[in-house]
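*Asks:* In the UniProt record's numbering, the protein residues as written are 1 to 365. Following this message is one structure expressed as structure tokens.
Structure representation (structure tokens):
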């Protein structure tokens with residue numbers, strides 16, 4: 001659900017990570033279009049020759065300069081890594097190209113009279129080159145690009161510049177370009193929100209709101225790789241609600257769902273922000289504990305077990321339902337893969353249930 005005020009607020013405060021992704025997505029397209037723009041600018045030397053064949057040779061160097069700027073921009077887009085310098089260079093080179101065009105017009109007899117139409121090309125630049133840039137950069141370019149010829153003429157660099165004809169043609173183009181840039185930015189923002197919502201839905205268990213098994217598998221692989229790389233401890237808890245079938249058989253499946261939700265809340269509340277909680281399947285849960293050794297994981301498992309034991313779940317008419325969990329704890333071993341890690345935690349869980357349930361079992365280190 002999108003609202004105008006929220007959309008405008010998000011455009012005013014873009015997420016840096018989202019802006020980095022936006023640049024990466026558009027990088028190749030913008031680099032290719034920069035080459036196209038440079039070649040187009042060079043090819044428009046034919047326009048110079050049409051206006052003033054005698055003076056056209058004197059404009060070739062300016063056309064070559066514009067081409068060089070756009071080719072340099074393409075190279076920076078391909079090789080650059082830091083977003084802010086890359087964006088600053090893109091805006092600066094486009095403005096420098098426009099300044100060369102103003103100087104070029106002064107070399108042509110009657111060039112200033114033809115000026116307004118030629119400047120329209122520079123208002124295509126943000127639409128084809130700056131889609132990967134922040135909206136603020138594109139709007140800043142549009143303002144400066146519209147003002148630059150006026151400023152150069154007032155400074156004496158463009159005698160005979162037609163201020164009135166230019167303003168009548170270019171400032172409406174500035175408005176159209178600015179609105180189009182805002183529309184592109186809004187479209188990107190909404191696309192990102194939709195993709196985040198879809199990703200969240202695909203990673204979340206719909207009943208409990210914690211992660212699902214597929215998402216947990218990805219987190220497990222990532223954290224195991226991190227643990228190996230930095231030699232940091234990593235532990236895993238597997239929890240199972242004891243005698244859960246009795247709850248379903250006695251109170252119904254809706255009551256069972258409430259119990260599952262409350263146990264999920266207890267797991268989440270008993271975990272740190274850096275931990276990952278997931279519904280492993282049915283009445284089973286998994287908790288991944290980065291930076292926790294076996295002793296720390298055991299203590300956390302005990303806290304969660306005690307919290308569940310203290311629950312009184314309201315399931316409608318009749319007394320509240322009480323439940324317990326059995327927990328298996330395993331700390332990752334050197335050289336162990338994900339399947340072996342989970343299997344040891346599952347074996348520890350089995351031992352806890354075999355020993356009488358409502359307790360924590362620990363896998364051998």
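Every residue, glycine too, gets a C-beta built ideally from N, C-alpha and C.
Hey, how far is the Cα of residue 22 from the Cα of residue 133?
*Replies:* Rounded to the nearest angstrom, the two C-alpha atoms are 7 Å apart.
*Asks:* Less than 6 Å between C-beta atoms, sequence neighbours within five positions excluded: which residues of the same chain meet that for residue 89?
*Replies:* Excluding residues within five positions, the ones whose Cβ falls inside 6 Å are 76.
*Asks:* How big is the Cα-Cα spacing for residue 185 and residue 363?
*Replies:* Between residue 185 and residue 363, the C-alpha separation is close to 52 Å.
*Asks:* Give the DSSP-derived three-state secondary structure of residue 108 in the structure shown.
*Replies:* Three-state result, residue 108: coil.
*Asks:* Report the start-end ranges of each beta strand (DSSP E) in the UniProt domain "GGDEF" (232-365) that is 3 residues or longer and not cut off at the edges.
*Replies:* Counting only runs of 3 or more, we get 234-241, 276-281, 284-290, 325-331, 360-362.
*Asks:* What are the complete beta strand (DSSP E) segments, minimum 3 residues, inside the region 173-217?
*Replies:* Runs found: none.
*Asks:* Assess, as a yes-or-no matter, whether the region 189-202 is touched by the region 143-161 under the definition of 3 or more beta carbon pairs within less than 8 Å.
*Replies:* No contact exists between the region 143-161 and the region 189-202.
*Asks:* DSSP state of residue 149, grouped into three classes?
*Replies:* In the structure shown, residue 149 sits in a helix (DSSP, three-state: H, G or I).
*Asks:* Tell me whether residue 98 is buried or exposed, calling it buried when 16 or more other Cβ atoms sit within 10 Å of its Cβ.
*Replies:* It is buried - the Cβ of residue 98 has at least 16 other Cβ atoms within 10 Å.
*Asks:* In this structure, how does DSSP classify residue 131 when only helix, strand and coil are distinguished?
*Replies:* Looking at residue 131 - three-state DSSP - the assignment turns out to be coil, as it is neither helix nor strand.
*Asks:* Would you identify the three-state DSSP class for residue 229, choosing helix, strand or coil?
*Replies:* Three-state DSSP puts residue 229 in a helix.
*Asks:* Give me the residue from 73, 240, 324 with the minimum Cα distance to residue 346.
*Replies:* With distances taken between Cα atoms, residue 346 lies closest to 240.
*Asks:* Please report the residue range of the alpha helix (DSSP H) in which residue 50 lies.
*Replies:* Counting along the chain, the alpha helix (DSSP H) containing residue 50 begins and ends at 45-51.
*Asks:* Alpha carbon to alpha carbon, how far is residue 351 from residue 288? Give it in angstroms, no decimals.
*Replies:* Taking the straight line from one Cα to the other gives about 20 Å.
*Asks:* Please return the same chain residues whose Cβ sits closer than 6 Å to the Cβ of residue 30, not counting the five positions on each side in sequence.
*Replies:* So the qualifying residues of the chain are 77, 129, 132.
*Asks:* For residue 102, which residues from the same chain have a beta carbon less than 6 Å from its beta carbon, with the 5 sequence-adjacent residues on both sides left out?
*Replies:* Once the five neighbours on either side are set aside, the close Cβ partners of residue 102 are 149, 152, 158.
*Asks:* Quick one: what does DSSP say residue 20 is sitting in, helix, strand or coil?
*Replies:* The answer is helix: DSSP assigns residue 20 an H, G or I state.
*Asks:* Taking all protein chains shown into account, do 16 or more other C-beta atoms lie within 10 angstroms of the C-beta of residue 1, making it buried, or fewer, making it exposed?
*Replies:* Note that residue 1 scores a pLDDT of 46, beneath 50, so its modelled location is shaky and nothing firm can be said.
*Asks:* Roughly how far, in whole angstroms, is the beta-carbon of residue 219 from the beta-carbon of residue 276, given that I think they are within contact range, below 8 Å?
*Replies:* The pair is a contact, with the Cβ atoms about 5 Å apart (cut-off 8 Å).
*Asks:* Tell me where the alpha helix (DSSP H) around residue 115 begins and ends.
*Replies:* Residues 115-119.
*Asks:* Is the beta carbon of residue 278 sitting closer than 8 Å to the one on residue 212?
*Replies:* Against a cut-off of 8 Å, the Cβ pair of residue 212 and residue 278 comes out as a contact.
*Asks:* Checking 8 Å against the spacing of the C-beta atoms, do residue 59 and residue 107 come in under that value?
*Replies:* Yes, these two residues count as a Cβ contact at 8 Å.
*Asks:* Only counting the same chain, and skipping five residues up and downstream in sequence, which positions put a Cβ closer than 6 Å to that of residue 37?
*Replies:* Hits under 6 Å: 70.
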